[in-house]
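Chains as they are written, first to last, in my numbering: chain A, 6 to 158; chain B, 6 to 158; chain C, 6 to 158.
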Amino acid sequence: MASHTDYMTFHTEGRREFVRITEDVQRVVDESGVSEGMVLVSAMHITAAVWVNDDEPGLQEDTLEWLDKVAPPSWKEPANDVARALLPDPGDYRHHRGGEDNGDAHLKNLLVHHQVILPITDGRLDLGPWQAVFYCEFDGRRDKRLVIKVMGD
Amino acid sequence: MASHTDYMTFHTEGRREFVRITEDVQRVVDESGVSEGMVLVSAMHITAAVWVNDDEPGLQEDTLEWLDKVAPPSWKEPANDVARALLPDPGDYRHHRGGEDNGDAHLKNLLVHHQVILPITDGRLDLGPWQAVFYCEFDGRRDKRLVIKVMGD
Amino acid sequence: MASHTDYMTFHTEGRREFVRITEDVQRVVDESGVSEGMVLVSAMHITAAVWVNDDEPGLQEDTLEWLDKVAPPSWKEPANDVARALLPDPGDYRHHRGGEDNGDAHLKNLLVHHQVILPITDGRLDLGPWQAVFYCEFDGRRDKRLVIKVMGD
Numbered sequence: 006m007a008s009h010t011d012y013m014t015f016h017t018e019g020r021r022e023f024v025r026i027t028e029d030v031q032r033v034v035d036e037s038g039v040s041e042g043m044v045l046v047s048a049m050h051i052t053a054a055v056w057v058n059d060d061e062p063g064l065q066e067d068t069l070e071w072l073d074k075v076a077p078p079s080w081k082e083p084a085n086d087v088a089r090a091l092l093p094d095p096g097d098y099r100h101h102r103g104g105e106d107n108g109d110a111h112l113k114n115l116l117v118h119h120q121v122i123l124p125i126t127d128g129r130l131d132l133g134p135w136q137a138v139f140y141c142e143f144d145g146r147r148d149k150r151l152v153i154k155v156m157g158d
Numbered sequence: 006m007a008s009h010t011d012y013m014t015f016h017t018e019g020r021r022e023f024v025r026i027t028e029d030v031q032r033v034v035d036e037s038g039v040s041e042g043m044v045l046v047s048a049m050h051i052t053a054a055v056w057v058n059d060d061e062p063g064l065q066e067d068t069l070e071w072l073d074k075v076a077p078p079s080w081k082e083p084a085n086d087v088a089r090a091l092l093p094d095p096g097d098y099r100h101h102r103g104g105e106d107n108g109d110a111h112l113k114n115l116l117v118h119h120q121v122i123l124p125i126t127d128g129r130l131d132l133g134p135w136q137a138v139f140y141c142e143f144d145g146r147r148d149k150r151l152v153i154k155v156m157g158d
Numbered sequence: 006m007a008s009h010t011d012y013m014t015f016h017t018e019g020r021r022e023f024v025r026i027t028e029d030v031q032r033v034v035d036e037s038g039v040s041e042g043m044v045l046v047s048a049m050h051i052t053a054a055v056w057v058n059d060d061e062p063g064l065q066e067d068t069l070e071w072l073d074k075v076a077p078p079s080w081k082e083p084a085n086d087v088a089r090a091l092l093p094d095p096g097d098y099r100h101h102r103g104g105e106d107n108g109d110a111h112l113k114n115l116l117v118h119h120q121v122i123l124p125i126t127d128g129r130l131d132l133g134p135w136q137a138v139f140y141c142e143f144d145g146r147r148d149k150r151l152v153i154k155v156m157g158d
């Protein structure tokens, strides 16, 4: 069995951002020489995620708005009453007591999940026609790492 | 290392539906001849998911109702005020500008996650007593594919 | 290819509890002798999950409070109006008709996801500096199992 590991580093301009990485993952698979197997794509941080979905800007804007309602930041005015009610009582995350301000990014990591595993068939990522791979940053503007691990033959 | 790949196609009658596939996945494992390894079960669409949970119709009805509240469709009257508030402002998904009406199905795919990986021990899916595998359709009534990839010895 | 399987049993005092298992998973990797590969960590129950995140008690308390709002129990007074509205109509889970009272734990399992897969590089879990592995119990006070499966060379 062959195994091959690579890492990517992201430093996004925005605090929340989706970065398409489908081609980067395919390139790592190419380098591995694996034609049948799987590749794990996993954020190494607890405030980022990996999502396989449509490369459609409107959908990504929808998703970021929705994530801000379901897992609201407390360092800005809640989007509405529902977002306010989903904040912890009495309004700020306990996680922020130590000086952090990214409590919501941990919950967004939980919702989106920090990893995916992609099948490799005939040397190609075996994805559906609209499946693209995204690194999802929820607390950026600093270096964040991702591990890509290929296993197979 | 042995590797074996199979695909399933679903065409559900309903727009949202859970389809039990535990036995289908076991059959693919049987065909692979793998006795120790893992099997990846992954939707190839961005509006479907895979869930390992209880095969209990009441729970599935609960889950579909809950998903419609947390990730509300905008092509039907929101279930209640919370569902309405979780829709994007001012009420419809940006993703629908191009003529789509399945914005919520992308968010449901995100919540449920599009894949699972199951351990294989002694040639059997190594599941707990109540764990069943479901294909979760959120935008059906058309052909949708799933990939099943077995790796092991 | 080498493969190694182990199981853990949990019996938490509380109904909801996070248990750190990073070192237990590393120990199973050590026993496997695998230096390059992956390890699957997967709850064998449908009311538990596995999460990779910060080992910070405030964050865990935040997360449990938030999960109780997004996936509210119906056997206790809802945390607020949002939690009440996210309960099924007219207020109790269909899943409870048969005498169960853990409907919310199934939804929490869905939100957190029941499994992770960790890369192994040079015999070590290839995790970021703040990534710790947790077993997340949502319906404890009884024996619950987890499977740990290592694959690699």
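Glycine included, each C-beta is placed from N, C-alpha and C at the ideal position.
- At a cut-off of 3 residues, the continuous stretches assigned as beta strand (DSSP E) that sit fully inside the region 119–154 of chain B are 120–126 and 137–142.
- Between the C-alpha atoms of Gly19(B) and Cys141(B) there is a straight-line separation of about 11 Å.
- Bounds of the alpha helix (DSSP H) holding Arg32(C) are Thr27 to Ser37.
- Secondary structure at Leu45(C): strand, using DSSP grouped into helix, strand and coil.
- Between Thr14(A) and chain C, the shortest Cβ-Cβ separation is not below 8 Å.
- Using a Cβ distance threshold of 8 Å, Met6(B) and Ile122(B) do not count as a contacting pair.
- Annotation: His111(B) has no Cβ neighbours in chain C at a cutoff of 8 Å; minimum Cβ distance is about 16 Å.
- Using a Cβ distance threshold of 8 Å, Asp131(C) and Asn107(C) do not count as a contacting pair.
- With respect to the 8 Å criterion, Phe15(B) and Lys149(B) are classified as neighbours on the basis of their beta carbons.
- For Gly42(C), the neighbours in chain A by C-beta distance under 7 Å run, in chain order, Ser8 and Met156.
- Distance from the CA of Gly157(C) to the CA of Leu116(A), rounded to the nearest whole angstrom, comes to 29 Å.
- Residue contact check for Val152(C) against chain B: a CB pair falls below 8 Å.
- Taken in chain order, the members of the region 50–78 of chain C whose beta-carbon sits within less than 8 Å of a beta-carbon on chain B are His50, Ile51, Val75 and Ala76.
- In the DSSP annotation of this structure, Asn107(B) is not part of any alpha helix (DSSP H), being labelled neither H nor E.
- For Ala54(C), the uninterrupted beta strand (DSSP E) run begins and ends at Ala53 to Asn58, by DSSP.
- Here DSSP, grouped into helix, strand and coil, assigns Thr17(C) to coil.
- Taking the Cα of Ala88(B) as reference, the smallest distance to any Cα among Tyr98(B), Lys81(B), Ser79(B) and Lys74(B) is reached at Lys74(B).
- Cβ contact annotation for Leu45(B) (same chain, cutoff 6 Å, sequence separation greater than five): Ile122 and Lys154, in chain order.
- Under DSSP, no beta-bridge partner is assigned to Asp73(C).
- For Ile122(A), the chain C residues whose Cβ falls inside 8 Å of its Cβ are Ile122, in order along the chain.
- Straight through space, the alpha carbons of Ser37(C) and His111(C) are spaced by roughly 32 Å.
- With its beta carbon less than 8 Å from one in chain C, Leu116(B) belongs to the interface.
- Close to Ala137(A), with beta-carbon spacing below 9 Å, lies no residue of chain C; the smallest spacing is near 21 Å.
- Residue contact check for Leu45(B) against chain A: a CB pair falls below 8 Å.
- Ranked by Cα distance from Ala76(B), the first of Leu91(B), Pro62(B) and Thr68(B) is Leu91(B).
- Gly104(C) and Leu64(B) have their alpha carbons spaced roughly 13 Å apart.
- Annotated three-state conformation of His9(B) is strand, per DSSP.
- Close partners of Gly133(A) in chain B (Cβ separation under 7 Å): Met49, His50 and Arg150.
- Of all alpha-carbon atoms in Pro78(C), Pro95(C) and Ala48(C), the one lying nearest the alpha-carbon of Gln120(C) is that of Ala48(C).
- For Glu66(A), the closest of Tyr98(B), Asp109(B), Arg129(B) and Asn114(B) by C-alpha to C-alpha distance is Tyr98(B).
- In terms of beta-carbon proximity, Gly108(C) lines the interface with chain B, with at least one pair separated by less than 8 Å.
- Taking C-beta atoms as the reference points, His118(B) and His118(C) count as a pair closer than 8 Å.
- For Ala84(C), not one C-beta of chain B is nearer than 8 Å to its own C-beta.
- Sequence-distant Cβ neighbours of His101(A) in its own chain, meaning closer than 6 Å and more than five residues away, are Gly108.
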